[in-house]
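For reference, the structure discussed in these notes is given below.
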Amino acid sequence: MTNKLKKYELVVVGASVAAEALTTELAELNYEGKVLVVERDPRMPYERPPLSKNYLTSNGEIDITVDWELEIDLVIANATKVDSVNKQLEFETVAENKTETVAFDKLVIATGATPFHLPLEPEGVLSLRTIDDSELIRTSAQATGSVGIIGAGAIGVELATSLREIGVKVTLFDKAAAPLERLLAGHLGDTVTTWLQDLGVTCEFNADLVEISRTSDQWVISLGDGRALSFGTLVSAVGARPTVQWLNSSNLLTDGQLVCDGLGRVITPMGLIDFVYAAGDVVTRKSDSGDYFRTESWTAAAEQGKHLAEFISGTEISENEEPYFWTDVAGRKVQVLGRLHPDAKLEKITEDPERKATLFKATASDGTVGWIGINSPQGIAKLRMGLQD
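Following numbering that gives the first Met the number 0, the numbering of the sequence shown begins with 0 at its first residue and continues without gaps.
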């Protein structure tokens, strides 16, 4: 006689930003179902955005733990398999290394993304995803005094800013011509570079990384122009890929991706599965033209989690907000609202040199309008609320 599996109305894999937004909204909507959250990081739940910012610069003294308002069961474990036919999830507990299986009515996959490394990166190059990673980067950087950062996207730029604030020498590398090139669609590259240089960051853009090697106490990056630069600590911030490998045997993936519709329901080659959902960086969506695309930002993940809670609860789903993200660069808050196009023409709407504040309107050739705010939170807030004339 087999033991009856423990069953939950809702099982969530991953204690991510999307999962936090999901459970918070479920609590607001008075959701009464039994909920299990499976998370592999033993220190979760906590806020991830501060890991490259004030958590790092505060020497870990600020509290970033999250108290979820919804009553849940939390198990620290690695999810290993989904049986979508029998509605079961298998996982291995971290502490006991024991395999367990639970049954569910609905499943939400919110495992986020995992940093990836360039093929030429040797073992031991650091990356940032967890609170342990942030603490290791800070400790190593303070001990060695110099850091090389590969990748000048949001994480790389934020790390460069934070590490300079605590007195570490920083060199930032990217094959792109400027920092935040993808996020800002190529706009303000020279401006952001100047901010970083004024902060003391050495910028190596259009960089051709030929080899990365390690001596007893130094990392050495050899460049295509013949130079070899050395650092005590090396961090890779070249990007992240959806954490979906554990789903390889689940029949939930399409071309190796977890594809969802606009509501977050998983779509497989066999069709829609209306009781398996996903939210956050793990999700791939399909455009009307048939192309796959992903949206990687804390705000998008939170919005997806909220909408999923509304859908699961049978509540009217709130309207989608305009795409939005923000980052901290060299003492400035940079916010982007809407979609930026490389061919957009920038127009200064407001400027306050004393506050180093500027609000740009970016109008693309097809009429699409986006906004870039530098130290302009009130202006962006008004735009987000639709109060701009």
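Positions of the beta carbon are idealized from the N, C-alpha and C atoms, including for glycine.
_Just to confirm my understanding: we take proline 341, look at its own chain, exclude 5 residues before and 5 after, and list those with CB closer than 7 Å. What are they?_
For the purposes of this step, residue 341 is identified with residue 342 of the sequence shown, where counting begins at 1. Answer for proline 341: Ala184, Gly185, listed in chain order.
*What is the DSSP secondary structure of threonine 138, reduced to helix, strand or coil?*
As a first step, residue 138 must be located in the sequence shown, where it is residue number 139. In the structure shown, threonine 138 sits in a helix (DSSP, three-state: H, G or I).
_If I measure Cβ to Cβ from alanine 206 and keep anything under 7 Å in the same chain, skipping five residues before and after, which residues do I get?_
Taking the sequence shown and counting its residues from 1, the one referred to as residue 206 is at position 207. Non-local C-beta neighbours of alanine 206 in its own chain, meaning closer than 7 Å and more than five positions away in sequence, comprise Phe172, Asp173, Lys174, Leu222, ordered along the chain.
_Contact defined as beta carbons within less than 8 Å: I believe isoleucine 371 pairs with valine 335. What is the distance between those atoms, to the nearest angstrom?_
Taking the first residue of the sequence shown as position 1, residue 371 is located at position 372. Taking the first residue of the sequence shown as position 1, residue 335 is located at position 336. That belief holds up - the Cβ atoms of isoleucine 371 and valine 335 are roughly 6 Å apart, short of 8 Å.
*Nearest-angstrom Cα distance between glutamine 387 and lysine 360?*
By one-based count along the sequence shown, residue 387 stands at place 388. By one-based count along the sequence shown, residue 360 stands at place 361. Legend: pLDDT at glutamine 387 = 43, less than 50; position of this residue unreliable, value from coordinates given subsequently. Using only the alpha carbons, I get a separation of about 12 Å.
*Using CA coordinates, which residue listed in Leu117, Val258, Asp280 is at the minimum distance from glycine 270?*
On the sequence shown, position 271 is the one that residue 270 refers to. That would be Val258, whose Cα lies nearest to the Cα of glycine 270.
*Relative to the C-alpha of threonine 143, which residue among Pro48, Leu135, Val237 is closest?*
Position 144 of the sequence shown, counting from 1, holds the residue named residue 143. Out of Pro48, Leu135, Val237, Leu135 has the C-alpha closest to the C-alpha of threonine 143.
*Can you say whether methionine 384 is buried or exposed, counting buried as having 16 or more other CB atoms within 10 angstroms of its CB?*
The sequence position of residue 384 within the sequence shown is 385, counting from 1. Looking at its Cβ environment, which holds fewer than 16 other Cβ atoms inside 10 Å, methionine 384 is exposed.
*Tell me lysine 3's beta-bridge partners as DSSP assigns them.*
Counted from its first residue, the sequence shown places residue 3 at position 4. Per DSSP, lysine 3 has no beta bridge partner at all.
*Within 10 angstroms of the Cβ of glycine 152, are there 16 or more other Cβ atoms? Answer buried if so, exposed if not.*
Here residue 152 refers to the residue found at position 153 when the sequence shown is read from its first residue. Looking at its Cβ environment, which holds 16 or more other Cβ atoms inside 10 Å, glycine 152 is buried.
*List the residues that DSSP assigns as beta-bridge partners of glutamate 38.*
Locating residue 38 in the sequence shown gives position 39, counting from the first residue. DSSP, once it has assigned bridges, lists Ile75 as partnering glutamate 38.
*By Cβ distance, which residues of its chain are closer than 6 Å to leucine 233, with the 5 residues on each side in sequence left out?*
Residue mapping note: residue 233 aligns to position 234 of the sequence shown, counting from 1. Scanning its chain for C-beta atoms nearer than 6 Å, with the 5 sequence neighbours on each side dropped, one finds around leucine 233 the residues Val124, Gly147, Trp218, in chain order.
*Contact the stretch 191-203 vs the stretch 83-103: 3+ CB pairs below 8 Å*: The answer is no - the stretch 83-103 does not touch the stretch 191-203, with fewer than three Cβ pairs under 8 Å.
*Candidates Lys97, Leu119, Arg42: closest to isoleucine 130 by CA position*: To locate residue 130, count along the sequence shown from 1; it is residue 131. Residue Arg42 is the option with its Cα nearest to isoleucine 130.
*Using a beta-carbon distance below 8 Å, is lysine 6 in contact with chain B?*
In the displayed structure, chain B is absent; only one protein chain is listed.
*Top-ranked residue by Cα proximity to alanine 299, from Glu91, Gly289, Trp325, Thr367*: Position 300 of the sequence shown, counted from the first residue, corresponds to residue 299. Among Glu91, Gly289, Trp325, Thr367, the Cα nearest to that of alanine 299 belongs to Trp325.
*How close, in whole Å, do the beta carbons of aspartate 216 and glycine 231 come, if the pair is a contact with beta carbons under 8 Å?*
Position 217 of the sequence shown, counted from the first residue, corresponds to residue 216. Position 232 of the sequence shown, counted from the first residue, corresponds to residue 231. Cβ atoms of aspartate 216 and glycine 231 come within 8 Å of each other, at about 7 Å.
*Alpha carbon to alpha carbon, what distance is there between tyrosine 45 and leucine 179?*
Within the sequence shown, residue 179 is the residue found at index 180, counting from 1. Within the sequence shown, residue 45 is the residue found at index 46, counting from 1. The straight-line gap from Cα to Cα measures roughly 26 Å.
*Under a three-way DSSP split, which group does alanine 17 fall into?*
The sequence position of residue 17 within the sequence shown is 18, counting from 1. In this structure, DSSP gives alanine 17 a helical state, which the three-state scheme calls helix.
*asked:* I'd like the span of the beta strand (DSSP E) that includes alanine 361, first residue to last.
replied: Translated into positions along the sequence shown, residue 361 becomes position 362. For alanine 361, the uninterrupted beta strand (DSSP E) run begins and ends at 356-362, by DSSP.
*asked:* With a threshold of 7 Å on Cβ separation, who are the neighbours of lysine 332 within its own chain once the five nearest residues in sequence on each side are excluded?
replied: As a position in the sequence shown, residue 332 is number 333, starting the count at 1. Result list for lysine 332: Trp325, Asn374, Pro376, in chain order.
*Assign arginine 39 to one of two classes, buried (16 or more other C-beta atoms within 10 Å of its C-beta) or exposed (fewer than that).*
Taking the first residue of the sequence shown as position 1, residue 39 is located at position 40. Arginine 39 should be labelled buried.
*Are the Cβ atoms of glycine 155 and aspartate 280 separated by less than 8 Å?*
Position 156 of the sequence shown, counted from the start, is the residue given in the question as residue 155. Position 281 of the sequence shown, counted from the start, is the residue given in the question as residue 280. Aspartate 280 sits away from glycine 155, with the two beta carbons spaced by 8 Å or more.
*Cβ of glycine 337 within 8 Å of Cβ of glutamate 315?*
As a position in the sequence shown, residue 337 is number 338, starting the count at 1. As a position in the sequence shown, residue 315 is number 316, starting the count at 1. Contact: no.
_Extract the residue ranges of the alpha helix (DSSP H) inside the stretch 74-149, only unbroken runs of 4 or more that lie entirely within it._
Contiguous alpha helix (DSSP H) elements confined to the stretch 74-149 occur at 130-143, taking only those with 4 or more residues.
_Same chain, Cβ closer than 6 Å to valine 37, five either side skipped, listed in chain order_ = Within the sequence shown, residue 37 is the residue found at index 38, counting from 1. These residues qualify, in order along the chain: Val12, Val74, Ala76, Ala78, Phe90.
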